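Counting with UniProt numbering, you get residues 1 to 870 for the letters of the sequence shown. Every residue gets a Cβ at the ideal spot worked out from N, C-alpha and C, and that includes glycine. For clarity, every value in this text was computed on a predicted model and none was experimentally measured. So the structure is just underneath, and the comments pick up after that.
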Amino acid sequence: MVWAPDPPVATPDGADGVAPSRTQGLRECAVQPPLAVLRRWETSPKGLDEAEAQERLLRFDDGPGPRRARRLGGAVAAPFVVVLVFLGVVSALTGDVRGAVLICVLAVFSGAMRYRQEARSGRAAAALRTMVATTATVLRRSRPGAEPVVREVPVDQVVPGDVVLLGPGDVVPADLRLLNSVDLEINQAMLTGESLPAGKHAAWTDAPEGRPGDLFDHPRLCFMGTTVVSGTGTAVAVATGGRTYFGAADRERRPGRGTETAFDRGVRVVSWALVAAMLAALPVVVALAGVLRDDWYQALLLAIAVAVAATPEMLPLVVTALLVRGAKGLAGRQVIVKRLPAVHDLGAMDTLCVDKTGTLTEEQVALACHLDPLGEADPEVLRWARVNALWSVELAGRLVGDAIDEALLQDAGNLDGPPGVDAIPFDYARRRATVLLQGGRLVVKGAVEDVLNLCTAAGDTVLDAEERARLLRLDDRWAADGVRLLAVAVGRRTRGGPLTPADEQDLTLVGFVGFRDRLDPAAPAAVRGLRRRGVALVMITGDHPLVARRICRDAGIEVSGVVLGREAVDLDDAELARLAGAGTLFARVGPPQKARIVRALQLAGRTVGYLGDGVNDAPALRAADVGITVQGAADLARESADVVLVRPDLGVLEQAIVAGRRTFANTVKYVKIALTSNVGNVVSLLAASAMLPFLPMLPLQVLVGNVCFDLSQLALVRDRVDEAQIRSPRTFDVRDLARFVACLGPVGALFDLAALGLFWWLLDAHGGAAGRELIRTGWFAENLIAQGLAMLLLRRRGRTGPRPGWTIVATAAALGLAGLLLPCTPLGGILRLHPLPFEAVPILAAVMTGYVLATIAARHVYQRVFGSWL
């Protein structure tokens, strides 16, 4: 039997923040010999065969079966379905068999619709994610006994027992136990917050390693979601998916997403507002219908029906359909949405934080200069910088270097001199890279301030405070012209042993190499477009402040001030948010600070997007309401982002924002139209129940009418949107929603009551049960016709708004016809609806004409008073 560890939970028990009982299996793997671990997982160093891998995928993966079962459970447990089932049971117990059957049919239909829509949205989202999915390198065999081959498989198809190959830049696809490694270093910042990479090795001894309480200190364990900085390794997967430390902690505490996204906040607020309204309606209906009519059974059924009628039950379906349509439309514009609610969050975004490199600038940088400490051109400085770049890449086992190293090594030719024997790769805490050459020579390349702190001389000059200030002024002059300088220094190392940061001392500055970021030609137009759409841009970069300010100036981003990373540490969240909102540029900022700035903006009420493409951007991408990256980004950045731009073009991002706002505009349109119609119906039902000696509409009739109306609202998925609705960011505003419903709902209720009174006068309410059923039929028809008209009248501001498409017109007409023709069908008999006499037609025409004119007048007055509409 293959062992799988229980998923850890995010509890503050132990140094790693995980309950010891949940991580015991991982600890046991760390201290067992490699062969024992392989036997435990019934695998070998040659990996699994394909058949076994597929069997384990079904056993361990959250595959189609569990997903279908969970989706079916959600559909069955939906509030609307539960209420219908309750009504059906009550109807059956009271002898209304036909009513019970119809209610059960409605329950099945509603659940099936929900299940179908969620299944479609799930398939659509999965299809989009596969377009930007990251892969893992594994050893697989075609059959038992065959030789293994190296295969690239999607990360979600890695199974326990797979033998995984790791290389620089890879995202660790599962919780792994190392089998062998060469100079392997892992960035665990996503889990620990520690920016320095952790050394990992597979060597096994009987002696325990790592602090007993610290799971991440185990050198033989690599965790899902971390990133390979340098070196290589081979490991066996011991936990995948939701069973990994990362997956289980993500379920428990959503790391990096400590706050709700804009979509989550909006849905939560609106949902609770609707629940509160529904609960408030129940006792009122029961009191009116029960006390006044002395029929508590009918009162209870009517109360439940009214509560259901007050709530747009199709809200999840309509919103999901809108999001799916928006995501598919964005895919056609080469924007891949991995998380469907991100379509809405794009439209709601009012602040976009951007890193400089690869977003406003092109991915490649150009070598601009090579200077001695006096600022004169010196090819010897370039040679030392190239030596550092060459051995930083070679000793790390990377095929290619970063953008800086690639720019240095371009056209470098053969570099003579002693080979490199050890290296400390660049990281964002030290901001430098160091190589050790054979013979003891150290070559250091990095940020000017950090390298100068290690130097005692600049060329032949002692590096005192005055000389240091002069060199920093030289750095500032070049930075103001958009050139980023890196300092190059050399030194001697006399002791043996592995190279450590402690060896970086008593260096001599040999000079500087300068690089110029090429501004993306499309950036200025894109910045203007984003500003036109009401999106404020905030630059957060690890670069020199003057270089970043020059890029901002060229791109058209207004900068009111500059805050350095070391200064931001001393600011509270409120001050950070205030500075960011005032056009501040944040420079020399590390990965944890980027995420903190994003969270500070969120706490200030902003809907924040973050655009970045590096491993150091991952915390901020996860913290943002919507994380955005590009197709060529680091694997960890793509995994952390919600939206991936196939082309690194900010102009495409503006199109994505517009598409998100169109989706949100139609969502708000649906919610306002549905609630206005439903509230109007509820008010008229309550008033009619108080005035009439009988129930104005039977519960089953209310439910069927509500289902007909809700289904018609799916047509809004394809509705046109007013340009005013996509001009600026918007989020769910409960006060605006309540104001709209309070002003427009009574208009519908007034004409509902007018129609009821006319039908009572015409159809002789005192003529017994037949007369009452005709009155209910007339009112049923009037309700659906009025709701069809509401779709056409409430969806636009007036003559200036976009005209409805044929789908909207046809759906509204079909809704009205349903009210007139349904009583003529067998279903009408079950609902106790009867064909209306011809005399009812003039009443319907007169009332609907009055309703149209009154709604147009109310719409005009509402816009004059409040200055807005949908």
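In or out: residue i buried (at least 16 other Cβ within 10 Å) or exposed?
i, result
"residue 414", "exposed"
"residue 909", "For the chain, the structure presents residues 1 to 870; residue 909 sits outside this window and is missing."
"residue 521", "exposed"
"residue 855", "buried"
"residue 234", "buried"
"residue 584", "buried"
"residue 865", "exposed"
"residue 740", "buried"
"residue 871", "As displayed, the chain neither begins before 1 nor continues past 870, which places residue 871 out of reach and without an answer."
"residue 697", "buried"
"residue 472", "exposed"
"residue 693", "exposed"
"residue 500", "exposed"
Might you give, ordered along the chain, the residues of its own chain that have their beta carbon closer than 8 Å to the beta carbon of residue i, omitting 5 neighbours on each side?
i, result
"residue 505", "454, 491"
"residue 635", "134, 169, 170, 171, 227"
"residue 574", "600, 603, 604"
"residue 805", "718, 719, 720"
"residue 789", "812, 816, 848, 851, 852, 855"
"residue 858", "743, 744, 747"
When DSSP labels each residue in this structure, what does residue i get in the three-state scheme?
i, result
"residue 422", "strand"
"residue 232", "strand"
"residue 495", "coil"
"residue 527", "helix"
"residue 364", "strand"
"residue 590", "coil"
"residue 457", "strand"
"residue 201", "coil"
"residue 628", "strand"
"residue 386", "helix"
"residue 159", "coil"
"residue 432", "strand"
Among the residues of its own chain, which have a CB less than 6 Å from the CB of residue i, if the five just before and after it don't count?
i, result
"residue 666", "322, 716, 719"
"residue 290", "296, 299"
"residue 683", "749"
"residue 595", "619, 620, 623"
"residue 593", "565, 568"
"residue 343", "323, 326, 327, 337, 660, 663"
"residue 613", "358, 629, 630, 633, 637"
"residue 761", "none"
"residue 868", "none"
Please report the residue range of the alpha helix (DSSP H) in which residue i lies.
i, result
"residue 848", "840 to 866"
"residue 705", "699 to 712"
"residue 757", "734 to 763"
"residue 726", "Here residue 726 belongs to no alpha helix (DSSP H), and DSSP marks it neither H nor E."
"residue 553", "545 to 555"
"residue 671", "650 to 691"
Might you give, ordered along the chain, the residues of its own chain that have their beta carbon closer than 7 Å to the beta carbon of residue i, omitting 5 neighbours on each side?
i, result
"residue 21", "Annotation note: pLDDT 43 at residue 21 (below 50); position unreliable, coordinate value reported separately. Closer than 7 Å at the Cβ level, and outside the excluded window around residue 21, lies no residue."
"residue 372", "378, 381, 459, 511"
Measuring alpha carbon to alpha carbon, tell me which of the options ends up nearest residue i.
i, options, result
"residue 773", "423, 329, 475, 833", "833"
"residue 732", "663, 176, 627", "663"
"residue 874", "445, 29, 51", "A question about residue 874 goes unanswered here, because the residues of the chain that appear run from 1 up to 870."
"residue 154", "222, 241, 860", "241"
"residue 737", "728, 677, 534", "677"
"residue 668", "348, 157, 545", "348"
"residue 703", "784, 763, 632", "784"
"residue 493", "639, 362, 443, 341", "443"
"residue 283", "743, 306, 223", "306"
"residue 531", "386, 561, 352", "352"
"residue 797", "724, 438, 49, 780", "724"
Along the chain, where does the beta strand (DSSP E) that runs through residue i open and close?
i, result
"residue 539", "536 to 539"
"residue 175", "175 to 187"
"residue 154", "149 to 154"
"residue 447", "441 to 447"
"residue 336", "335 to 337"
"residue 608", "608 to 611"
"residue 136", "135 to 141"
Any C-beta of chain B sitting closer than 9 Å to the C-beta of residue i?
i, result
"residue 297", "Looking at the structure shown, chain B is missing, and only one protein chain is on hand."
Is any non-hydrogen atom of the ligand FAD found closer than 8 Å to the C-beta of residue i, if you look at the structure I gave you?
i, result
"residue 869", "The ligand FAD is absent from the structure shown, which contains no ligands of any kind."
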